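Asker:
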Amino acid sequence: MSPDSSLPQRARVAVVGGGAAGFFAAIACAEAGGGPVVLLEKSSTVLAKVRISGGGRCNVTHACFEPSQLVARYPRGGRELRGAFARFQPRDTIAWFAERGVPLKTESDGRMFPVTDRSETIIECLLGAARRAGVQVRTRCGVTAAERTAGGFRLRLEWGGELACARLVLTTGSPRAGQGGAALAAGFGHRIVDPVPSLFTFSITDPRLADLAGLSVPATRVRVPGTSLDETGPVLVTHWGLSGPAILRTSAWGARELAERDYRFTVRIGWLGPAGRDEALGRLRGQREAEGRRVVAGAGLGEIPARLWERLAQAAGIGPDVRWSATTREQLQALAEQLTTCDFPVHGKSLNKDEFVTCGGVALKEVDFRRCESRLVPGLHFAGELLDLDGITGGFNFQAAWTTGWLAGRSAAED
Ligand SMILES: Cc1cc2nc3c(=O)[nH]c(=O)nc-3n(C[C@H](O)[C@H](O)[C@H](O)COP(=O)(O)OP(=O)(O)OC[C@H]3O[C@@H](n4cnc5c(N)ncnc54)[C@H](O)[C@@H]3O)c2cc1C
Numbered sequence: 002m003s004p005d006s007s008l009p010q011r012a013r014v015a016v017v018g019g020g021a022a023g024f025f026a027a028i029a030c031a032e033a034g035g036g037p038v039v040l041l042e043k044s045s046t047v048l049a050k051v052r053i054s055g056g057g058r059c060n061v062t063h064a065c066f067e068p069s070q071l072v073a074r075y076p077r078g079g080r081e082l083r084g085a086f087a088r089f090q091p092r093d094t095i096a097w098f099a100e101r102g103v104p105l106k107t108e109s110d111g112r113m114f115p116v117t118d119r120s121e122t123i124i125e126c127l128l129g130a131a132r133r134a135g136v137q138v139r140t141r142c143g144v145t146a147a148e149r150t151a152g153g154f155r156l157r158l159e160w161g162g163e164l165a166c167a168r169l170v171l172t173t174g175s176p177r178a179g180q181g182g183a184a185l186a187a188g189f190g191h192r193i194v195d196p197v198p199s200l201f202t203f204s205i206t207d208p209r210l211a212d213l214a215g216l217s218v219p220a221t222r223v224r225v226p227g228t229s230l231d232e233t234g235p236v237l238v239t240h241w242g243l244s245g246p247a248i249l250r251t252s253a254w255g256a257r258e259l260a261e262r263d264y265r266f267t268v269r270i271g272w273l274g275p276a277g278r279d280e281a282l283g284r285l286r287g288q289r290e291a292e293g294r295r296v297v298a299g300a301g302l303g304e305i306p307a308r309l310w311e312r313l314a315q316a317a318g319i320g321p322d323v324r325w326s327a328t329t330r331e332q333l334q335a336l337a338e339q340l341t342t343c344d345f346p347v348h349g350k351s352l353n354k355d356e357f358v359t360c361g362g363v364a365l366k367e368v369d370f371r372r373c374e375s376r377l378v379p380g381l382h383f384a385g386e387l388l389d390l391d392g393i394t395g396g397f398n399f400q401a402a403w404t405t406g407w408l409a410g411r412s413a414a415e416d
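Start counting the sequence shown at 2; every next residue gets the next number (the numbering used here).
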């Protein structure tokens, strides 16, 4: 018995997955005259990730309009996305939402949000655009199997029903080995690159960070010795260890390497950004000249928050009552080391609640990115996180979903 007796038995195009990529694909296809389009979502609500994204504000895209610079924000998929961004990039995303009554604004770091600061605005816009374009959206309609037929594809639905379509667009999001959309793609012969998490924070238990949760340092350097990972930017101390943009970027670029190490490695923080030990030592000597009568713990370098500075001084063997004038050469050297090559043992990862994605998915070599179409099965398209592509934080993951969704939808509309 169908939970939805109005579901047609046949559609020209079926889109599987009601997230950002699925809606963009379905709308692009229907607006280009490729309908009827049915969008099938397994859960009871669509666009669930859009709702919680960006802390409920939805970081829709990033103000980066040069495709060659844009692709550098994708640890996986940058090369493949280059041509795709030449056809649909953040400028097009901005125009797309503006044409549908949703202006976006840019924050100082380049992230773009709806001016309402509400993800609900984006959801209403996508639902409205889908309705106007005639997309039939069906929830509680998970697809459990898909097979090729003479006329296209036949889908089996969770509740036992079937749907036939000429073109199939898979946008089922985060791939899980042997499950969901990844299993459907694998059933068509596609290779699924092993999924591992990206955009996570580092779990660290260290006296230098204890009770400092909430403290942030704006310009640090983050490295992982023994790898080429090397990022600069803000770092945030959390209850569990370290987070912030520079840590999240390190987790994204190192997603696979750090998974292979079972998330046990050393992270090296340069609290003074790119400054090396000699430069730090020079600044400490200057401080000793200028602040000789003051205690070291109470007269730190300006960019280091006072409580962190106290901990670093302590770790360098400088007691709370030691004055600058009384510091030894060894102590200054140890403090310079704490400031520039401050090593912490990482013993695991924690969830970054603001944004996380999965690296891995449908192997990119098997996809024609001009049409986001399978190279193995004509008429089968992919978009969004199901593909083995992912970006750093800042709106890049949604941009990949909009771009690939739009390309998949437009090409599925063609005869
Ligand atoms: C907490 C959080 C915050 C985020 N914030 C941001 C942000 O601000 N900016 C940004 O750029 N990125 C952000 N991201 C990442 C972004 O949400 C994803 O990259 C994006 O949602 C991927 O879109 P998608 O359509 O490919 O997949 P999804 O949004 O995951 O949608 C896939 C849909 O397919 C459905 N589905 C799965 N299997 C089946 C099936 N067999 N049959 C039918 N339906 C199925 C799922 O239920 C789901 O609704 C965030 C992620 C998280 C987790």
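Even glycine gets a Cβ: it sits at the ideal position worked out from N, Cα and C.
Just so you know, these numbers come straight off a predicted model, no measurement behind them.
Look at the alpha carbon of H63 and the alpha carbon of T328, and state the distance between them as a whole number of angstroms.
Answerer: Using only the alpha carbons, I get a separation of about 47 Å.
Asker: Put A276 into one of helix, strand or coil per three-state DSSP.
Answerer: Of the three classes helix, strand and coil, the one that applies to A276 here is coil, per DSSP.
Asker: Would you call Q90 buried or exposed, if buried means 16 or more other Cβ atoms sit within 10 Å of its Cβ?
Answerer: Under this definition Q90 is a buried residue.
Asker: Could you give the DSSP three-state label for G153: helix, strand or coil?
Answerer: Note: G153 maps to strand in three-state DSSP.
Asker: Buried or exposed: which applies to P321, given that a residue is buried once 16 or more other Cβ atoms fall within 10 Å of its Cβ?
Answerer: Flag for P321 reads exposed.
Asker: In its own chain, which residues sit with a C-beta less than 7 Å from the C-beta of G396, not counting the 5 before and 5 after it?
Answerer: N60, V61, T62, H63, R112 and M113, listed in sequence order.
Asker: Cβ-heavy atom distance between V103 and ligand 1 below 8 Å?
Answerer: Outside the cutoff, so no.
Asker: So, does the stretch 366-378 touch the stretch 75-91, judging by three or more C-beta pairs under 8 Å?
Answerer: Contact between the stretch 366-378 and the stretch 75-91 is present, because at least three Cβ pairs lie under 8 Å.
Asker: Could you name the residues that DSSP lists as bridge partners for L41?
Answerer: Note: L41 sits in a beta bridge opposite V17 and R139.
Asker: Quick one: any contact between the stretch 351-369 and the stretch 294-311, if contact means 3 or more CB pairs under 8 Å?
Answerer: The stretch 351-369 vs the stretch 294-311: no contact.
Asker: According to DSSP, is L408 part of a helix, a strand, or is it coil?
Answerer: Residue state, collapsed to three classes: helix.
Asker: Can you tell me whether P219 is buried or exposed? The criterion is at least 16 other CB atoms within 10 Å of its CB, across all chains shown.
Answerer: With fewer than 16 Cβ atoms within 10 Å of its Cβ, P219 is classed as exposed.
Asker: Which residues mark the beginning and the end of the alpha helix (DSSP H) in which R83 is found?
Answerer: Per DSSP, R83 belongs to the alpha helix (DSSP H) from G79 to R88.
Asker: Verify whether the separation of the beta carbon atoms of V170 and A409 is less than 9 Å.
Answerer: The answer is yes: Cβ separation under 9 Å.
Asker: Which of helix, strand or coil does DSSP assign to L213?
Answerer: Coil, per DSSP.
Asker: Using only the heavy atoms of ligand 1, determine whether one of them is closer than 8 Å to the beta carbon of F357.
Answerer: It does: the Cβ of F357 is within 8 Å (strictly closer) of some heavy atom of ligand 1.
Asker: Mind checking M2: buried by the 16 CB within 10 Å criterion, or exposed?
Answerer: Reliability fails at M2, whose pLDDT of 41 lies under 50, so the model's placement of it is uncertain and no value is given.
Asker: Can you look up R289 in the DSSP assignment and give me helix, strand or coil?
Answerer: Residue state, collapsed to three classes: helix.
Asker: Going by DSSP, what residue range makes up the alpha helix (DSSP H) through G181?
Answerer: Here the alpha helix (DSSP H) through G181 covers G181 to G188.
Asker: For the beta strand (DSSP E) containing E386, name the first residue and the last one.
Answerer: Segment: none, E386 is in no beta strand (DSSP E) and carries neither H nor E.
Asker: Let me check you understand the geometry: is the CB of F62 closer than 8 Å to at least one non-hydrogen atom of ligand 1?
Answerer: The residue you asked about is not Phe; residue 62 is Thr in the sequence shown. True, at least one ligand heavy atom lies under 8 Å from that Cβ.
Asker: Please find out if some non-hydrogen atom of ligand 1 comes closer than 8 Å to the beta-carbon of E311.
Answerer: Every heavy atom of ligand 1 is 8 Å or more from the Cβ of E311, so no.
Asker: For the alpha helix (DSSP H) containing G94, name the first residue and the last one.
Answerer: Note that residue 94 is Thr in the sequence shown here, rather than Gly. Here the alpha helix (DSSP H) through T94 covers P91 to E100.
Asker: I'd like the list of long-range same chain contacts for T94, defined as Cβ closer than 7 Å, with 5 residues on each side in sequence excluded.
Answerer: These residues qualify, in order along the chain: V61, T62, Q400 and W403.
Asker: Output the distance between the C-alpha atoms of G35 and L200, rounded to the nearest integer angstrom.
Answerer: Approximately 36 Å between the Cα atoms of the pair.
Asker: If we ignore side chains and look at the alpha-carbon of each, how far apart do T145 and A364 end up?
Answerer: Cα-Cα distance, rounded: 21 Å.
Asker: Taking 7 Å as the limit between beta carbons, can you name the residues of its chain near A317, skipping five residues before and five after?
Answerer: Around A317: Q332, A335, L336 and Q339.
Asker: Among residues of its own chain, excluding the 5 on either side of F25, which ones have a beta-carbon nearer than 6 Å to its beta-carbon?
Answerer: Counting only Cβ-Cβ distances below 6 Å, and skipping sequence neighbours, we find W403, G406 and W407.
Asker: Are there any heavy atoms of ligand 1 lying less than 8 Å away from the beta-carbon of A22, as far as the coordinates show?
Answerer: Flag set: Cβ of A22 near ligand 1.
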